[in-house]
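Trainee:
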Amino acid sequence: MGAGRETGVHRESTEEVPTMFSDNSRKTGAMSRRDFARAAALGVPAAATCSAWARQKAAPLPPTPATADEKYWSAVREQFVLAPDLIALNAANLCPSSRPALDALFDHTRDVDRDPSFNNRARMTAGKETTRKLLASYLRVTPEEIIITRNTSEANNLVSSGIDLKAGDEVIIFSDNHPSNHQAWTEKTKRFGFTVRTVEQVNPHPGAEFYIQAFTRAMTPQTRVLAFTHLTNTVGDLFPARELCRISRERGILTLVDGAQSLGLMDVDLGDMQPDFYTGSAHKWPCGPKECGVLYINKAAQSRIWPSIYSAYTGAAGISRTFEGFGQRDEPAIISFGEAVKFFDGIGRAAIEKRARELAQALMEGLRKMDGVKIWTHADPARSVAVVSFQPGGLDTRKLSAALYEKDRIACATRGGADRGGLRFSPHLYNSHAEIERTLAAVKRYLSTGV
Ligand SMILES: Cc1ncc(COP(=O)(O)O)c(C=O)c1O
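The sequence shown runs 190 to 640 under our numbering.
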């Protein structure tokens, strides 16, 4: 962290603003959404307008009102450099960094490249520990239990490679886990000799009780680990994490909860959930930098896991002293992760989850009214949050997603294959109800005209 420098403040907001912008824009250097649209209509090269838009400083965010309305969320949107005309509905894959996160990343990167001495970088190391504390408080655990990783994939694999497992031991996984928590386990059976039992996904989501029973039935005296996903990335199935962790704990089974889709979206309280391991990525719902993530290791499980990497520059608290020797790090990115978390804390975790849920419910409500649409995501708030997947009638989903992006400026994900194929929309705090309406209107139009 640069001495005497504020974090989260962008210092390079002086880029020339094209003259067709409003008087106010020219005076303040600030570009409104309308200016952006006008510039695009006048054929100003996208790179110039995007750059001006992205580099300007946003007005400070007002305190979150008791009932946050569209005006408040539109002020939140201004805290992102997202192109104003883009409807980004792909949070489950990659979120834009918030301006505070982006500014911290740029500022600290410039700082370290301006002065890469050990002396200057000592401040960066302090910044890394600040991020650890921020993450601990965000997840409601202690800094001594936090490892800062590169992403969820790495965090999941640090667990599957680090627990002492041998022939005769069993690991229970869920069939719809991400490869980093599915293939990772099945491949490692070949090396370590343990076996994997899989609990199959049922669609539509049959409810928490169904899965509690299915996972409990799969447990045997040989079960050592239960590795499941808090919220799946495919159809957005939510799992009763607290209950599954409790049942496992009672049987001496370690739990790995893949939180790639819950960190930053849900108001996660690991103190309450009590998993042994929980993982997540900064670049998804927390709107942090790319290639940064977290692995929580419960104090109770710290003696049951080995480090997989030994190198220099360990962390300075608790298990990070032995487990986080990952060599030279991108400390500006780690500091930026802390700023992202601080920004979300300022808005409020519960308010963010509520907003994303409302937008997802509005999407499902609109999709339900369209003939031929089959929604794979259950609308019950106990079974889903804000990842919505559906089959858009007989339309070719790849063509539809390309048309949505190219003609309607809507970014989403596709899922191919016969198994619950279709489109996935994952709205977040930077989206608006107007965007959801525009998206629904576009899907409806393509359903009637074809693509
Ligand atoms: C449930 C789940 N786990 C793990 C990952 C891997 O995340 P990353 O690519 O950030 O390592 C993803 C990515 O989409 C995911 O959805």
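Yeah, the Cβ is synthetic: ideal placement off N, Cα and C, and Gly gets one too.
This one's a predicted model, so the numbers in the text were calculated from it and none came from an experiment.
Tell me the residue span of the alpha helix (DSSP H) that contains E595.
Mentor: The sequence position of residue 595 within the sequence shown is 406, counting from 1. Unbroken alpha helix (DSSP H) run through E595: T586 to D597.
Trainee: State the Cα-Cα distance for the pair A257 and A540, rounded to the nearest angstrom.
Mentor: Counting from 1 along the sequence shown, the entry for residue 257 is found at position 68. Counting from 1 along the sequence shown, the entry for residue 540 is found at position 351. The straight-line gap from Cα to Cα measures roughly 8 Å.
Trainee: Could you give the DSSP three-state label for I336: helix, strand or coil?
Mentor: As a working mapping, residue 336 is identified with position 147 in the sequence shown. If DSSP states are grouped into helix, strand and coil, I336 belongs with the strands.
Trainee: Check whether the Cβ atoms of E359 and A397 lie closer than 8 Å to each other.
Mentor: As a working note, residue 359 is residue 170 in the sequence shown. As a working note, residue 397 is residue 208 in the sequence shown. Against a cut-off of 8 Å, the Cβ pair of A397 and E359 comes out as no contact.
Trainee: To which residues does DSSP link M455 through a beta bridge?
Mentor: Numbered from its first residue, the sequence shown carries residue 455 at position 266. Answer is L452.
Trainee: Taking DSSP's pairing of strands, which residues face K563 in a bridge?
Mentor: Here residue 563 refers to the residue found at position 374 when the sequence shown is read from its first residue. DSSP lists Q580 as partners of K563.
Trainee: Leaving out five residues before and five after E343 in sequence, what residues of the same chain have Cβ atoms less than 7 Å from its Cβ?
Mentor: Within the sequence shown, the letter at position 154 stands for residue 343. Shown here for E343: same chain residues with a beta carbon closer than 7 Å to its own, the five before and five after excluded, namely G482 in chain order.
Trainee: In whole angstroms, what separates the C-alpha of D534 from that of Y327?
Mentor: What you label residue 534 is simply residue 345 of the sequence shown in a count that begins at 1. What you label residue 327 is simply residue 138 of the sequence shown in a count that begins at 1. For D534 and Y327, the distance between alpha carbons rounds to 7 Å.
Trainee: Considering only the beta carbon of each residue, do P332 and R339 sit closer than 8 Å?
Mentor: Your numbering for residue 332 matches position 143 in the sequence shown. Your numbering for residue 339 matches position 150 in the sequence shown. No. Outside cutoff.
Trainee: Kindly indicate which three-state DSSP category A646 falls into: helix, strand or coil?
Mentor: There is simply no residue 646 to check, as the chain begins at 190 and stops at 640 in what is shown.
Trainee: Assuming L324 contacts V530 under a Cβ cut-off of 8 Å, what Cβ separation, rounded to an integer in Å, is found between them?
Mentor: Numbered from its first residue, the sequence shown carries residue 324 at position 135. Numbered from its first residue, the sequence shown carries residue 530 at position 341. Yes, L324 and V530 are in contact; Cβ-Cβ is about 6 Å, under 8 Å.
Trainee: For a test of the three-state rule: what should DSSP assign to D641, helix, strand or coil?
Mentor: In the structure as shown, the chain begins at 190 and stops at 640. Residue 641 is therefore absent and cannot be evaluated.
Trainee: Use the C-beta contact count for K473: other C-beta atoms within 10 angstroms, 16 or more gives buried, fewer gives exposed.
Mentor: Here residue 473 corresponds to residue number 284 of the sequence shown, with the count starting at 1. The residue in question, K473, is buried, as its Cβ has 16 or more Cβ neighbours within 10 Å.
Trainee: In three-state terms, what does DSSP make of T319?
Mentor: By one-based count along the sequence shown, residue 319 stands at place 130. In the structure shown, T319 sits in a helix (DSSP, three-state: H, G or I).
Trainee: Using only alpha-carbon positions, find the residue among T341, F307 and F399 that is nearest to A389.
Mentor: Translated into positions along the sequence shown, residue 389 becomes position 200. Looking at the sequence itself, residue 389 is Glu, so the reference to Ala does not match. Checked all of T341, F307 and F399; the closest Cα to E389 is F399.
Trainee: Run through the segment 396-450 for me and flag every whole alpha helix (DSSP H) of 4 or more residues, listed as ranges in chain order.
Mentor: For the alpha helix (DSSP H) assignment, the uninterrupted runs of no fewer than 4 residues enclosed by the segment 396-450 are, from N- to C-terminal side, 397-407 and 430-439.
Trainee: Count the C-beta pairs between the segment 453-465 and the segment 260-269 that are closer than 8 Å, then say yes if the count reaches three, no if not.
Mentor: no
Trainee: Quick one: measure Cβ to Cβ for F579 and L612, integer angstroms, because I've assumed they're closer than 8 Å.
Mentor: Along the sequence shown, one-based indexing puts residue 579 at 390. Along the sequence shown, one-based indexing puts residue 612 at 423. Right, the Cβ-Cβ distance comes to about 6 Å (below 8 Å), so this counts as a contact.
Trainee: Indicate the three-state DSSP secondary structure (helix, strand or coil) for I536 in the structure shown.
Mentor: As a first step, residue 536 must be located in the sequence shown, where it is residue number 347. Of the three classes helix, strand and coil, the one that applies to I536 here is helix, per DSSP.
Trainee: Label D317 either buried or exposed according to how many other C-beta atoms from any shown protein chain fall within 10 Å of its C-beta, with 16 as the threshold for buried.
Mentor: The sequence position of residue 317 within the sequence shown is 128, counting from 1. The amino acid at residue 317 is misidentified as Asp; the sequence shows Lys. Buried.
Trainee: Spatial neighbours of T566 within its chain, please: CB distance less than 6 Å, with the 5 preceding and 5 following residues excluded, ordered by chain position.
Mentor: As a working note, residue 566 is residue 377 in the sequence shown. So the list reads V424, G425, S573, V577 and S578, once near-sequence residues are dropped.
Trainee: Okay, do the segment 292-309 and the segment 493-505 touch, 3+ Cβ pairs below 8 Å being the bar?
Mentor: no
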